[in-house]
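There are 2 protein chains.
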Amino acid sequence: MAPLGSRDALPGGMNPDLASERLAASFSVELLTASLDGGAERTRGRRAIVEAIESDPVFSQENQYFQSQNEKYEAAVRRAVYLQKKIRAMGWTQNGPEVQDICRCLSGDIALVLHRVFMRSISVLGSDKQIAKWIPLATDYQIIGSYAQTELGHGTYLQGLETTAVFDTATQEFILNTPKISAMKWWPGDMGRSATHTVVFAQLYVHGKCYGVHPFILQIRSLEDHSPRPGVTVGDIGPKMDFQHADNGFLLLQNVRVPRENMLSKFCEVQPDGTYVRWGSQKINYFTMTSVRISILSDEAIVPLMKACTIAIRYSAVRRQSKLKPGEQEAKILDYQTQQQKLLPQLATAYAFHFINTYLHELFNKGYQDIQAKNFDSLPELHAFSSGFKALITQHCTSGVEICLRACGGHGYSLLSGLPSLYTRIIASCIYEGENTVLLLQTARFLIKCFMAASAGQRVPPSVTYLSSVKSGKCPAKDKSDFLRPEIYLKAYEQMAVRLVSSSAAKLQHLIQSGVDKHDAWNQCTVQLEKAAKAHCHYITVKNFVEAVENLDNKAGIQKIMKHLCDLFALHGIFSNVGDFLYDGHLTAAHMDLVTASYLDLLAVIRKDAVPLVDAFDFTDKSLSSALGSYDGQVYQRLYEWAQKSPTNQQGNPAYDKYLKPLLQNTLSKL
Amino acid sequence: MAPLGSRDALPGGMNPDLASERLAASFSVELLTASLDGGAERTRGRRAIVEAIESDPVFSQENQYFQSQNEKYEAAVRRAVYLQKKIRAMGWTQNGPEVQDICRCLSGDIALVLHRVFMRSISVLGSDKQIAKWIPLATDYQIIGSYAQTELGHGTYLQGLETTAVFDTATQEFILNTPKISAMKWWPGDMGRSATHTVVFAQLYVHGKCYGVHPFILQIRSLEDHSPRPGVTVGDIGPKMDFQHADNGFLLLQNVRVPRENMLSKFCEVQPDGTYVRWGSQKINYFTMTSVRISILSDEAIVPLMKACTIAIRYSAVRRQSKLKPGEQEAKILDYQTQQQKLLPQLATAYAFHFINTYLHELFNKGYQDIQAKNFDSLPELHAFSSGFKALITQHCTSGVEICLRACGGHGYSLLSGLPSLYTRIIASCIYEGENTVLLLQTARFLIKCFMAASAGQRVPPSVTYLSSVKSGKCPAKDKSDFLRPEIYLKAYEQMAVRLVSSSAAKLQHLIQSGVDKHDAWNQCTVQLEKAAKAHCHYITVKNFVEAVENLDNKAGIQKIMKHLCDLFALHGIFSNVGDFLYDGHLTAAHMDLVTASYLDLLAVIRKDAVPLVDAFDFTDKSLSSALGSYDGQVYQRLYEWAQKSPTNQQGNPAYDKYLKPLLQNTLSKL
């Protein structure tokens, strides 16, 4: 089957510099793609879907770089509505593989994403009766839902939400208010311009007593003319760094009443007389957050990094600049060691995260089965994993995309390269679904707890048993090739992680023993705790990459090239964090010279397969939307053709007429 | 005098959380501002200019976050034309302090910047006759100039430019061509829509012989109807990550003829018979690049970082989230150690760069005097300084702005915070005027040369004499307070820089001696050479900060707080690059614990003065254009008011009518 990306080739044909890169591949790209997809059949299925979507003009993303906020919003709504029709027509399931493939292919430029969160929250938190009433309506888009949790003054700290819901026994209604400006709901997607309904989170008051935050279904706009309902003020929060297609909104409530049965009541209820009843476990909420954090990793972080690598590496094999030696042709910029050092570690990271993502999904699925069997034991570990990896992966993918953008020089800065929009979007992933620092500190809390338990001889979850491992003393490596042995670098990572966790724990204990309040002590250790959590996740990622490589069939050289990438990922981590490894003497300065030598050697080795390694991600030209990254490498031709389409070149220049023309009136006579 | 920023306060008055921060200041903000400005009189002058510009509606930047590319372009042209009128009316000099103050205040959102480069290139490279002809026309904007150097296929490597200028003796003209698509001029500012003329850089050919790249004055558009001249194709290169107000352009030339006298001929000339004559020194070009790199540092890198710090730190003193201790009020996020660790090192960096910028300007002015006295000795050092510091400063300021953006959570991601536009703009500074990696390698080349010379006992420029210093052995620090002694940390930095330079030189020599071609050997060392260049610049920055603090009057606690910032800057550099300092054993792991302890202590100390320290940068609310960073701290009120202005909230919703309304038609009957 022809590679997906080749279909948009310009008449000029394949750039010979790119063609030669592909001829030199040490492995079969097709086999690697199939291996990443989980089988050749899955690859075929995905490609058929992508083909169908990309040939349908309704889903076209052409001209996206020239659109206004309004145009982007309209296109995203159009896509969402047609996608739903398509799902029905094709008989696909709502979150089946086809829909996932389509979402990947549309790069998230689709509206009514929060409508799905609205539905999920009703499904998870609503009673059977509520589910029966609202879910069919929402499934048919007969109501448009949103999810109103975050407030102008509150994000991370849900307990601090200021919106109130006061129960009125006389009318059997809740009276909803956003009593202060900071209580205004702010950021909910699909709310600024689309939603008719929303799930509002508010502090529940009954007979003057506060029962904490609860969710309520609220109609915010008329179903007849879409105008705000009485007491509701709603609108768009204005322009953002990206996500212009999403109508993130604000919501003010003044004495808005909803019937008693609109409080989502799977786990608790206010009875007609005001009696508050609670049943079921709160832990399920915990699990919902976990599931969301894991579910966003691929499309919102790893795929964008893969795309950025594809664009930057293909461009670097086409772009020639300066000479490596006098008298020679100008060199491909990918042949400069500094360019390899920028891009190839990002490529290795993309693969490392692909494998850890698979691992996290397996872990999550196992956890889900346990929970269905009412076994909640794995929840703390799952929560720690999802928090820490969400932070680690979004952070590394964001800096990776930035590195790719900057590595393309001036042309990377053009929107037409596709890189700026990848960046302005991915950076949001460091903030939403839990700010990364807050998340890492949650992971750290779990690690400290486990470390203390392990030290006291108690049983801890399998992923952290290493915390009780004994110090191994010096690293036995004698030669640079020793650092290509996974057991050598894994031991170094393990020891580094153990040390960072144990020394944070020691500092914490020391402060508390010397009389510092335990909360102050925690705050005084957070810089180090954050670092320890990162080290733990980094170690697990390397370990998982090693295991994934071991499990690969050694077909057509795939295992070999993956081993190189795994080594590069591991050694780049050491090379970039030398101090953490030198600190306790496990590695010495002489070891570091060996690590550096091996690391730089690997750059030159992987450089040879760099283009095939990004080809294997199998992005179409349409989904890359990049003049620099297209499969045929016709970089300059495409930049020029796309620039012509810019509205700026299609319209007049009133600024010239108004301001410059008057100045030029006497010039001719003077020349 | 009242602080500048206070004038835009909302009726709600000062946020009490910000007020209390200011009451607690350990120093006089007014004195620090004056000290940064270089005197109280200069502060008064600057404020008067800012006041005049900001009260003039022509220069208004209101609604900037809601404008289209076209609207931004038009506003920028309007400002440029009016600014020129104002300069004339006030009798200011073209590059005098008033104009500099205005440019700082307009944050670079002004057109015709390349017109000034056009003029400078004629002034520097043109003959007296050319200057007499073109400069008066350009000064009056009777022609609009641009500067066409970069091509679609060539940026950094000027020798590789592909545009040709062939001399035709018969007509005494040069025939200009962009013979391939990659030869097309691409990126020149003011060219896409504004310019009538440009200076084009092209390979000069006479009688079939190539004489290398030369500059030619070329008219590209009609002075009557602004249409492109025959043989000229010109337009806008399309949307970019930022700089939407600038009409970066492309230019194709097909047999466009310019008269012989349009080649800029201060240093060389083609005589009527085709004889090529060259005189004067090429080194002056070297000096022009140096001057540009130094001149952009303040407005394009350091000021944006100062603004980002102002916004993020004020917001962090107003925003409350979660509790440090149960039962307490929610804490200001600035009280979390992790938030301090994000923001306060950026604040220290902004101050460090303010001082190194002053130093670089002094060095440059001295160099300029030498050159006027025909002494070119300081040029290599100046070139190495301007290259290395341009790279170091733009790189650190860019990551600093990103850190500030992310530290403001979701609200930082709103354009209304002012942070996204600071970021999308400052990141370009890492690419333009020399890509940072290329520049650092030029600095490295200078360092290696000096190191070899110093090792051979030859005299080297003063800034690098330290390279021949003897290894001092172990650091004598015994206590965490020892790391607040500049001689202790300076020695550590010095030794680290010497080691990185000397080990790169040793590797290079070793490779060459073992038979590797010297150019290949250079390429194989570039990752380490780049690091060495950074280390050198970092060391000089710390050293200069220490000296600047020593020279400060100890008035009203200014020297004391600056000393804290200097210590923080130095220790943060060690804390973030532990491996470089541990490597040769000058610092030990035990020392690192002391560094960490001192560093974390400093965060808590500087946190107390964080708000006054950003107040001292003296930005007006208008120039910050930030709902989060205003002087009065009315964060939520301003976000809400500004969001109302968004065009999205002022217009209808055709997407709803087209796509969603039809779906909702039967809903009412089902509810």
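Here the protein sequences come in this chain order: A and B. Following the numbering used here from start to finish, the first sequence increments by one per residue and tops out at 1100. Following the numbering used here from start to finish, the second sequence increments by one per residue and tops out at 1100. We put the beta carbon where it would ideally sit given N, CA and C, even for glycine.
Quick test of your reading: residue i and residue j, contact by CB under 8 Å. State the CB separation rounded to the nearest angstrom.
{"i": "A:Ala985", "j": "A:Ser457", "result": "4 Å"}
{"i": "B:Ser843", "j": "A:Ile666", "result": "7 Å"}
{"i": "B:Asp619", "j": "B:Ala540", "result": "7 Å"}
{"i": "B:Thr880", "j": "B:Leu808", "result": "This sequence places Phe at residue 880 of chain B; Thr is not what is there. The Cβ separation is near 19 Å, so there is no contact."}
{"i": "B:Pro915", "j": "B:Val975", "result": "4 Å"}
{"i": "B:Val1043", "j": "B:Thr739", "result": "4 Å"}
{"i": "A:Leu845", "j": "A:Tyr494", "result": "6 Å"}
Can you have a look at residue i and say buried or exposed, based on whether 16 or more other CB atoms are within 10 angstroms of its CB?
{"i": "B:Thr894", "result": "exposed"}
{"i": "B:Asp996", "result": "buried"}
{"i": "A:Met519", "result": "exposed"}
{"i": "A:Lys1051", "result": "buried"}
{"i": "A:Arg835", "result": "buried"}
{"i": "A:Met430", "result": "Caution applies to A:Met430, whose pLDDT of 42 falls short of 50 and renders its modelled position unreliable; the value that the coordinates give is listed next. Result: exposed."}
{"i": "B:Cys639", "result": "exposed"}
{"i": "A:Pro526", "result": "exposed"}
{"i": "B:Pro891", "result": "exposed"}
{"i": "B:Tyr1085", "result": "buried"}
{"i": "A:Glu1070", "result": "exposed"}
{"i": "A:Gly434", "result": "Because the pLDDT at A:Gly434 is just 49, under 50, the model does not fix this residue reliably, and the value given afterwards should be weighed accordingly. Counting Cβ neighbours within 10 Å, A:Gly434 comes out buried, since at least 16 surround it."}
{"i": "B:Trp616", "result": "buried"}
{"i": "A:Leu1093", "result": "buried"}
{"i": "B:Asp538", "result": "buried"}
{"i": "B:Pro1083", "result": "exposed"}
{"i": "A:Pro688", "result": "exposed"}
Give me the chain B residues within the contact set of residue i, using Cβ-Cβ distance strictly less than 8 Å, ordered along the chain.
{"i": "A:Leu753", "result": "His948, Asp949 and Asn952"}
{"i": "A:Tyr372", "result": "Since the first residue shown for chain A is 430 and the last is 1100, residue 372 of chain A is missing from the structure and cannot be characterised."}
{"i": "A:Leu1029", "result": "Gln953 and Val956"}
For residue i, return the contacting residues in chain B, with the cut-off set at a CB-CB distance below 7 Å.
{"i": "A:Lys738", "result": "Just to set this straight, residue 738 of chain A is Cys in the shown sequence, not Lys. Those within 7 Å of A:Cys738 in chain B number zero; the least Cβ separation is about 18 Å."}
{"i": "A:Tyr895", "result": "Those do not exist, as A:Tyr895 stays about 22 Å from chain B at its closest Cβ, beyond 7 Å."}
Is any heavy atom in the ligand FAD found nearer than 6 Å to the beta carbon of residue i?
{"i": "B:Ala481", "result": "This structure lacks the ligand FAD, and indeed carries no ligand of any kind."}
Starting from residue i, find everything on chain B with Cβ-Cβ shorter than 9 Å and list it in chain order.
{"i": "A:Gly618", "result": "Ordered by position in chain B, no residue passes the 9 Å Cβ test against A:Gly618, which lies about 12 Å from the chain."}
In chain A, which residues lie less than 7 Å from residue i when you measure between Cβ atoms?
{"i": "B:Leu1068", "result": "Leu581"}
{"i": "B:Lys1099", "result": "Leu566 and Gln571"}
Starting from the beta carbon of residue i, find every residue of chain A whose beta carbon is closer than 9 Å, and list them in chain order.
{"i": "B:Asp446", "result": "By Cβ distance, chain A contributes nothing, its closest Cβ being about 12 Å from B:Asp446, past 9 Å."}
Would you say the stretch 529 to 536 of chain B touches the stretch 471 to 480 of chain B, given that touching needs at least three Cβ pairs under 8 Å? The stretch 529 to 536 of chain B vs the stretch 471 to 480 of chain B: in contact.
Evaluate contact between the stretch 791 to 804 of chain A and the stretch 755 to 764 of chain A, counting only Cβ atoms and requiring at least three cross-stretch pairs below 8 Å. Output reads no: the stretch 755 to 764 of chain A does not touch the stretch 791 to 804 of chain A.
Ranges of the alpha helix (DSSP H) found wholly within the stretch 746 to 826 of chain A, counting only runs of at least 4: Taking only runs of at least 4 residues, the alpha helix (DSSP H) segments lying wholly in the stretch 746 to 826 of chain A are 766 to 801.
Please give the ranges of any alpha helix (DSSP H) in the stretch 851 to 919 of chain A, keeping only runs that are unbroken, at least 4 residues long and fully inside the region. Counting only runs of 4 or more, we get 865 to 884.
Counting pairs of beta carbons, one from the stretch 709 to 727 of chain B and one from the stretch 781 to 791 of chain B, are three or more of them closer than 8 Å? Counting Cβ pairs under 8 Å, three or more are found: they touch.
Please go through the stretch 653 to 709 of chain B and give each complete beta strand (DSSP E) segment of 3 or more residues, from N-terminal end onward. DSSP runs (the beta strand (DSSP E)) wholly in the stretch 653 to 709 of chain B: 661 to 665, 678 to 682, 685 to 688, 697 to 699 and 705 to 707.
Does the structure place the stretch 607 to 614 of chain B close enough to the stretch 643 to 657 of chain B that three or more beta carbon pairs sit under 8 Å? No: fewer than three Cβ pairs fall under 8 Å.
Of all the alpha helix (DSSP H) runs that stay within the bounds of the stretch 505 to 538 of chain A, which reach a length of 4 or more residues? With a minimum length of 4 residues, the continuous alpha helix (DSSP H) runs that stay inside the stretch 505 to 538 of chain A are 526 to 534.
Let me know the beta strand (DSSP E) ranges lying completely inside the stretch 557 to 597 of chain B, each 3 residues or longer, listed in chain order. Correct list: 593 to 597.
Whole alpha helix (DSSP H) runs in the stretch 966 to 1045 of chain B with 4 or more residues, listed along the chain? If we require 4 residues or more, the alpha helix (DSSP H) runs fully inside the stretch 966 to 1045 of chain B come out as 987 to 1005, 1007 to 1011, 1018 to 1036 and 1039 to 1044.
Given 8 Å, three or more beta-carbon pairs between the stretch 901 to 920 of chain A and the stretch 987 to 1004 of chain A: Yes: the two stretches touch, three or more of their Cβ pairs being nearer than 8 Å.
Using 8 Å as the Cβ pair cut-off and three pairs as the minimum, do the stretch 570 to 588 of chain B and the stretch 1020 to 1033 of chain A touch? Look at the beta carbons and you see the stretch 570 to 588 of chain B not touching the stretch 1020 to 1033 of chain A: under three pairs across the two are nearer than 8 Å.
Could you say if the stretch 771 to 781 of chain A and the stretch 674 to 686 of chain A meet the contact criterion of at least three C-beta pairs nearer than 8 Å? Fewer than three Cβ pairs drawn from the stretch 771 to 781 of chain A and the stretch 674 to 686 of chain A lie within less than 8 Å of each other, which leaves the two stretches out of contact.
Would the stretch 565 to 576 of chain A count as touching the stretch 747 to 754 of chain B if we require 3 or more Cβ pairs under 8 Å? Here the stretch 565 to 576 of chain A does not lie against the stretch 747 to 754 of chain B, with fewer than 3 beta-carbon pairs under 8 Å apart.
The stretch 939 to 954 of chain A contacting the stretch 897 to 912 of chain A, beta-carbon criterion three pairs below 8 Å: Taking a cut-off of 8 Å for Cβ pairs, the stretch 939 to 954 of chain A and the stretch 897 to 912 of chain A do not touch, as fewer than three such pairs fall below it.
Counting pairs of beta carbons, one from the stretch 599 to 608 of chain A and one from the stretch 544 to 559 of chain A, are three or more of them closer than 8 Å? These segments do not touch.
Inter-stretch contact at 8 Å, needing at least 3 Cβ pairs: the stretch 581 to 596 of chain B / the stretch 631 to 638 of chain B: The stretch 581 to 596 of chain B is in contact with the stretch 631 to 638 of chain B.
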